[in-house]
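One structure is given below, encoded as structure tokens.
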Amino acid sequence: VYNGLSQVPSNVTFSNVVYDDVLSPVFNVIGYKNAGTYEIKLVALDGANCSNYKITNVTYDSFVINKAPLKVVLSDKTITYGDSEPEYSELVSFEGFVNGETKSVLALVSDAYSEYDTSNVSKRNAGSYEINSPVYESANYEISYNNSTLTVNKKIISVSLSSENSSSYYNGSVQIPNFSIEGFAYNDNIETIKNSLEFSKELKNAGTYNNVSLTIDHTNYTFTDTNVNYTILPAEIGFSWTISNMVYKG
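Under our numbering, the first residue of the sequence shown is numbered -6, with each subsequent residue one higher.
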């Protein structure tokens, strides 16, 4: 297996060795480094008593250096709606480099990417997006990959229900307390979320409504419920009549 160093066959065996002599093979090359298949020949022997032996009946086999396993690890990432796109390259790490090697020995084929796109209204909503791993090529590493997940959380906005002007007169319609919202992202505004807002009580008939809260059910925004008391006063009505002369008719 590729280890970043020059290698020669280590599984050489000798027959007819006597007296426990230790012999070492001498090949026609110092060694090979990169993964691949090589033809190597035994040209001599080395060892204390090597002069007592003659090489005969040599059987050769191909010398194979297999690629070393390398894993490209892509981490998950969590951001909030309105944040800039993450640098996906910062989420990449490697497991399996040998001999102090780094990603500089790899050839980048394609970068990591996801469908999340802050410039596209339909592709920047809160939710989960798959991050596709970068792809590399290498002569010496067998590379494996994993994809990961980009999680875009809803943005927390600030909602204030005003205690001022917390009363009005009955007018036959559902009434809405004064409130303000801050913290929108992009060019969003109250129009973006108005159909997702709901008060906890229908403020229509005359009376006092305690702890009225405003809630939201929106794709990209959330907030902590805020309570207010609200009073609808009875409508003031006037009446009048005209005095007219009438004749008694029994």
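The beta-carbon is built from N, C-alpha and C at its ideal position, and this holds for glycine as well.
It should be emphasised that the depicted structure is a prediction, and the values quoted were computed from it without experimental measurement.
Rounded to the nearest angstrom, the gap between the Cα atoms of residue 201 and residue 159 is 10 Å. Inter-segment contact for the region 189 to 203 and the region 160 to 174 is present: three or more beta-carbon pairs are separated by less than 8 Å. Cα atoms of residue 126 and residue 72: separation of roughly 18 Å, rounded to the nearest angstrom. In this structure, residue -1 sits near residue 23, with a CB-CB distance shorter than 8 Å. Apart from the 5 residues on each side of it in sequence, residue 69 sits with its Cβ closer than 6 Å to the Cβ of 141 and 142 in its chain, given in chain order.
Cα atoms of residue 38 and residue 59: separation of roughly 27 Å, rounded to the nearest angstrom. Closest by C-alpha distance to residue 56, out of 213, 74, 103 and 5, is 5. Here residue 226 is exposed: its Cβ has fewer than 16 other Cβ atoms, across all protein chains shown, within 10 Å. Secondary structure remark: continuous alpha helix (DSSP H) runs of at least 4 residues inside the region 165 to 209, in chain order: 183 to 186. Annotation: the continuous beta strand (DSSP E) that includes residue 219 extends over 219 to 226.
Taken atom to atom, the span from the alpha-carbon of residue 61 to that of residue 75 is near 42 Å. Between residue 208 and residue 191, the CB-CB gap stays under 8 Å. Inter-residue distance for residue 149 and residue 67 is about 28 Å (C-alpha atoms, whole angstroms).
Ranked by how close their Cα comes to the Cα of residue 168, the residues 223, 111 and 45 have 223 in first place. Counting C-beta atoms within 10 angstroms of its own C-beta, residue 230 has fewer than 16 neighbours from the protein chains shown and is therefore classed as exposed. In the DSSP assignment, residue 242 falls outside any beta strand (DSSP E) and carries neither an H nor an E. Residue environment for residue 216: buried (at least 16 other C-beta atoms within 10 angstroms of its C-beta).
Assigned with DSSP and collapsed to three states, residue 35 falls in strand.
In the same chain as residue 116, and ignoring 5 residues on each side of it, the C-beta atoms closer than 8 Å to its own belong to 108, 109 and 110, in chain order. By the CB criterion at 8 Å, residue 36 and residue 20 fall inside the cutoff.
For residue 134, the three-state secondary structure derived from DSSP is strand. For residue 9, there is no enclosing beta strand (DSSP E), as DSSP marks it with neither H nor E.
As the crow flies, the alpha-carbon of residue 118 is around 25 Å from that of residue 219. For residue 125, the uninterrupted beta strand (DSSP E) segment begins and ends at 120 to 125. Of all alpha-carbon atoms in 181, 205, 184 and 136, the one lying nearest the alpha-carbon of residue 153 is that of 205.
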